[in-house]
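Note sheet for the following structure.
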Amino acid sequence: FPISSPSVNHLSPIISFTGKKPGFTIDAGRFHNISLGQGQEMVAEEALKKAARCGHWVLLQVTGFQQNIYPVAKWLGTLQKLLEQYSEESHPDFHVFISAEPAPTPEEHIVPQGILENTIKITSEPPTGMLANVHAALYSFDQDTLELCTREGEFKGILFPLCCFHSCAAWTPKFGPWGWNGRYQFSARDLTVRVAVLCNY
Numbered sequence: 044f045p046i047s048s049p050s051v052n053h054l055s056p057i058i059s060f061t062g063k064k065p066g067f068t069i070d071a072g073r074f075h076n077i078s079l080g081q082g083q084e085m086v087a088e089e090a091l092k093k094a095a096r097c098g099h100w101v102l103l104q105v106t107g108f109q110q111n112i113y114p115v116a117k118w119l120g121t122l123q124k125l126l127e128q129y130s131e132e133s134h135p136d137f138h139v140f141i142s143a144e145p146a147p148t149p150e151e152h153i154v155p156q157g158i159l160e161n162t163i164k165i166t167s168e169p170p171t172g173m174l175a176n177v178h179a180a181l182y183s184f185d186q187d188t189l190e191l192c193t194r195e196g197e198f199k200g201i202l203f204p205l206c207c208f209h210s211c212a213a214w215t216p217k218f219g220p221w222g223w224n225g226r227y228q229f230s231a232r233d234l235t236v237r238v239a240v241l242c243n244y
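For the sequence shown, the numbering used here begins at 44 and goes up steadily by one.
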């Protein structure tokens, strides 16, 4: 159960983890990624049923606490019952990931206690400070990523300043919107896209 702040991309680590498990991808049909809300509860129930039977993985996302958690609040009790049922009679490869942002106040916390007690909780917050941001940006790339570019020396030389720029941009919301047209949470996904552009340059 990853619980993350709004600027943290919880999807990338899960997707990269599934990529290391042969066959557990969206393209192979063994990984189901569902954003809850807007009537997706029935889709989630069907995906859970199929995943429990066939050994697939399911990611249920609740993004934007205020916008999405209240419409699915009543359904969370059903989800708890389904998880209890499937925990006893499901395929050994069956896994469920549920992600959400933390509730603004304890009174607004509506995830059933049974789900919280029977899951592994993972919290993720953005790094605090410029140095921590630079470290997090650099450590988000493995050796395979560094070797993607044909001009490896030049790529590595530009990657560090790019990570520094990203860290500065990610740190600016702390000081308000001055110098920007509006507030924007620079996430790890933004950095990944910039590095992909750099690789293709």
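Beta carbons are placed, not taken as given, at the ideal position from N, Cα and C, and that holds for glycine.
Tell me the DSSP bridge mates of residue i?
i	result
F140	L102
Classify residue i: buried if its beta carbon has 16 or more other beta carbons within 10 angstroms, exposed otherwise.
i	result
E84	buried
V240	exposed
P45	In this prediction, P45 scores a pLDDT of 48, lower than 50, which makes its location untrustworthy; the coordinate-derived value is nonetheless stated afterwards. With 16 or more Cβ atoms within 10 Å of its Cβ, P45 is classed as buried.
R194	exposed
A143	buried
A213	buried
A180	buried
S133	buried
L174	exposed
F229	buried
Q109	Confidence is the limiting factor: at Q109 the pLDDT is only 48, short of 50, which leaves the residue's position unreliable, though a coordinate-based value still follows. Per the 10 Å Cβ criterion, exposed.
Give the C-beta separation of residue i and residue j to the nearest angstrom, bearing in mind that I take them to be a contact with Cβ-Cβ under 8 Å.
i	j	result
F137	A94	6 Å
V238	L205	7 Å
L102	L79	Contact flag wrong, Cβ pair sits at about 10 Å.
F140	H99	At roughly 12 Å, the Cβ-Cβ gap does not stay under 8 Å, so F140 and H99 are not in contact.
Check whether the Cβ of residue i lies closer than 8 Å to any heavy atom of the ligand ZN, and answer yes or no.
i	result
K164	As presented, the structure is devoid of all ligands, the ligand ZN included, so that no description of it is given.
Answer yes if the stretch 159-173 comes into contact with the stretch 194-203, meaning at least three C-beta pairs across the two stretches below 8 Å, and no otherwise. no
Below 8 Å, how does it come out for the stretch 174-185 and the stretch 152-165: are there three or more Cβ pairs, yes or no? no
Unbroken beta strand (DSSP E) runs of length 3 or more, entirely within the stretch 73-102: which are they? 74-78
Stretch pair the stretch 228-238 + the stretch 201-211: three plus CB contacts closer than 8 Å: yes
Evaluate the contact criterion for the stretch 123-142 versus the stretch 86-101: three or more CB pairs, one atom per stretch, below 8 Å. yes
In chain order, which continuous runs of the alpha helix (DSSP H) of length 4 or greater are located wholly inside the stretch 172-207? 173-182, 186-189
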